[in-house]
Amino acid sequence: MPLFDCPSDQCELNHAKGNLNPQLRASKFLKFQEAKIQELVVHVPKGHIPRTMTVQSRMPGSSPGVHMLDKTCYMLPGLSSIIGSDIYNKLARSSAPEIYGHEDVKKALLLLLVGAPHRKLKDGMKIRGDLHICLMGDPGSSGVGLTAAVQKDPVTNEFVLEGGALVLADMGICAIDETAVLAAANPAWGRYDLRRTPAENIHLPPALLSRFDLLWLILDRADMDTDLEMARHVLHVHQAKESPDLGFTPLEPSVLRAYISAARKLSPAVPQDLEEYIASAYSSIRQEEAKSNTPHSYTTVRTLLSILRISVALARLRFSEFVAQSDVDGALRLMQMSKFSLYSDDRQRSGLDAISDIYSILRDEAARTNKVDVTYAHALNWISRKGYSEAQLKECLEEYAALNVWQIHPNTFDIRFIDA
């Protein structure tokens with residue numbers, strides 16, 4: 001930098017700065033640049049000016065320090081082998097492990113983040129790939145203004161029209177109340193009335209409800225065993241400041257984000273040999289709904305598209321280029337569990353419990369296929385499509401084997417009907 005004060009001894013002795021006149025012709029100029037970081041306008045406090053900070057903090061001749069930023073690089077192809085074969089359940093259970101239960105809801109929300117690719121037809125028509133999920137239950141927080149809202153301007157006291165949540169969440173995920181990609185619906189009468197249908201409780205038309213791929217009813221039902229386990233879980237989290245042991249180390253949120261981001265880049269295709277399987281599964285759902293005489297159950301062509309979207313999302317989690325039959329079965333099981341959450345009270349009033357229902361499923365499927373011997377794999381596939389677990393199947397096998405209804409192979413757990 002050029003000198004502005006006279007450095008001579010006489011000026012210093014007389015405490016006079018003196019005036020230095022620069023000789024431009026005899027001077028040599030060098031390029032000098034200075035960068036400053038300025039605070040964003042939206043972050044500036046009211047009544048203040050934006051604060052700045054000079055980027056160049058070192059001058060020529062100074063000794064700068066060397067700093068290193070350590071970034072962890074996740075090898076996604078090897079990540080699948082580290083997690084193991086049960087990747088679907090581990091990813092779901094690693095999501096909010098501090099929250100007790102709701103395993104299927106966590107799986108549904110995981111698939112919501114993964115999603116499915118959008119399909120564009122030759123004529124330009126687009127078929128959405130994002131999942132729509134509705135969570136219903138007792139009252140929570142509520143907000144208005146999905147597409148637009150009328151609000152009063154605090155300055156002019158005039159009413160203005162502002163964009164709603166759906167407008168602001170374009171090309172993203174909108175987690176709001178009442179309806180959207182992830183919707184939280186409040187009951188129409190303040191509390192959820194079990195005597196009314198879900199459509200009456202939410203006060204939404206059936207045409208709008210059919211646009212949701214999955215609908216979950218989350219109620220706090222009194223159950224001694226469940227309440228005891230939940231209390232132990234909450235106390236452990238409160239004391240240890242971490243979730244109880246899950247049997248494996250939960251994945252870090254950064255790993256989950258990296259895995260989901262990589263999975264969303266895939267575009268799995270549905271093989272032709274699965275088309276008939278998916279069509280027959282959709283047809284059986286329609287027939288069962290017609291036989292049940294349930295007036296508040298809605299299964300439309302959108303349900304078929306929901307099966308495809310969920311199946312493709314499951315294939316994305318496996319980093320597969322093609323949808324497998326296990327993905328379709330997983331989608332059917334998840335949709336069946338969501339229906340059970342809505343109409344579980346109807347099933348209880350009709351006298352249907354899980355064990356009896358599983359027996360009816362196995363008996364009907366064996367009669368339809370004219371089989372006396374049923375393998376354990378086929379039985380598990382049949383009841384999984386109806387929303388039941390493997391533990392419930394084993395309980396049913398033991399109970400009806402004690403009644404001499406069928407015989408169970410001690411090693412393979414295959415079933416042989418005695419009076420078939």
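Going by UniProt numbering, the residue at position 325 of the sequence shown is 325; the numbering climbs one at a time, nothing skipped.
Backbone N, C-alpha and C fix where the C-beta goes; we use that ideal spot for every residue, glycine too.
Here the structure is a predicted model, which is why all the values come from computation and not from measurement.
Distance, Cα to Cα, residue i vs residue j?
i           : j    : result
S311        : P244 : 31 Å
E399        : S320 : 39 Å
Y100        : V234 : 8 Å
L24         : L30  : 13 Å
D273        : H238 : 51 Å
Y388        : A354 : 8 Å
L256        : E103 : 17 Å
A324        : Y259 : 20 Å
G47         : V41  : 12 Å
L251        : A35  : 41 Å
F340        : S284 : 17 Å
M230        : I383 : 27 Å
C11         : G18  : 7 Å
L112        : V405 : 42 Å
V44         : S261 : 33 Å
P7          : T54  : 29 Å
M224        : H409 : 35 Å
residue 424 : E395 : Residue 424 falls outside the range modelled here, since the chain spans only 1 to 420, and no answer is possible.
R302        : R128 : 11 Å
A279        : R286 : 11 Å
H236        : E242 : 8 Å
By Cβ distance, which residues of its chain are closer than 8 Å to residue i, with the 5 residues on each side in sequence left out?
i    : result
Q407 : A401, I415, R416, I418
K126 : H118, R119, K120
R385 : A281, D329, L332, R333, Q336
Y277 : Q325, V328
Assuming residue i and residue j make a contact with CB atoms under 8 Å, what is their CB distance in whole Å?
i    : j    : result
F248 : I133 : Actually they are not in contact, since the Cβ atoms of F248 and I133 sit about 26 Å apart, beyond 8 Å.
A116 : A313 : 5 Å
L110 : L91  : 6 Å
L228 : P97  : Contact doesn't hold; Cβ gap of about 19 Å is too wide.
L342 : L217 : 5 Å
I'd like to check one pair, residue j with residue i: are the Cβ atoms closer than 9 Å?
i    : j    : result
L305 : A263 : no
P271 : F322 : yes
A315 : L393 : no
H403 : F413 : Reading the sequence as shown, one finds Leu at residue 403 and not His. Contact: no.
P50  : Q33  : no
L215 : L208 : no
L362 : A379 : yes
Would you call residue i buried or exposed, if buried means 16 or more other Cβ atoms sit within 10 Å of its Cβ?
i    : result
S338 : buried
L219 : exposed
K106 : buried
M136 : buried
D123 : exposed
T369 : exposed
P268 : buried
R309 : buried
S356 : exposed
V114 : buried
S27  : exposed
D327 : buried
T299 : buried
S94  : buried
A366 : buried
S142 : With a pLDDT of 44 at S142, under the threshold of 50, the predicted position of this residue should be treated as unreliable, though the coordinate-derived value follows. Burial call: exposed.
Suppose the cutoff is 7 Å on Cβ atoms and the five residues either side in sequence are ignored; what does the same chain contact list for residue i look like?
i    : result
N381 : D329
F4   : L20
T375 : D414
D9   : none
T52  : K36, I37, Q38
E390 : L380
Closer than 9 Å, CB to CB, is residue i near chain B or not?
i    : result
D227 : The chain labelled as chain B is not found in the depicted structure, where only one protein chain is given.
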